[in-house]
Structures are given as structure tokens and as C-alpha cells.
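Data block below; observations after.
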Amino acid sequence: MLNPKNLKPGQEQYEEYYCAPVKKNLVQYDFRYQNGNLFSCVGKTLDECRKKRDNFQKI
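Below, the structure written as C-alpha cells:
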């Protein structure tokens, strides 16, 4: 089980799980920015989640 409270700035954590309603494996992803803000998302792959994080940073 992921616990974002344990993340230090610059750290990431992720977990793959099976989502029965959509019948797919998904990845839950958390990343703690240097300023302490938390980014969380769900994606099809770890790479997709990291791309979402990188795109979010640009905003």
C-alpha cells in the first residue's frame, strides 16, 4: 500500500494493480516535489505516469 506521507522531496513511489471495472493493469503513481507539493496520478504504465508528471511541471 502506498503512503505518500513517507515521501521525501524528489522521491517517487508507484504500485501496479488490476482494475476489475476496466479489466486492465494500471499504475498508481506519487511524486513529491522539492517544494513539498505532492503529484499523484493513475496511468497505464509507469512511463505514462512520469510523462504526466513532467507535463504537469511545465504548467
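Numbering (the numbering used here), first residue to last: 1 to 59. Quick reminder that beta carbons are idealized off the backbone N, C-alpha and C, glycines included.
From the DSSP output, which residues share a beta bridge with residue i?
i: N25; result: Y18
i: Q13; result: D30
Along the chain, where does the alpha helix (DSSP H) that runs through residue i open and close?
i: L46; result: 46 to 57
Kindly indicate the opening and closing residues of the beta strand (DSSP E) around residue i.
i: L38; result: 38 to 43
Can you give the Cα-Cα distance for residue i and residue j, rounded to whole angstroms?
i: N3; j: K24; result: 23 angstroms
i: V42; j: I59; result: 19 angstroms
i: F31; j: S40; result: 6 angstroms
i: K52; j: N37; result: 15 angstroms
Is the CB-CB distance between residue i and residue j below 7 angstroms?
i: Y14; j: L46; result: yes
i: C49; j: Y33; result: no
i: E16; j: V27; result: yes
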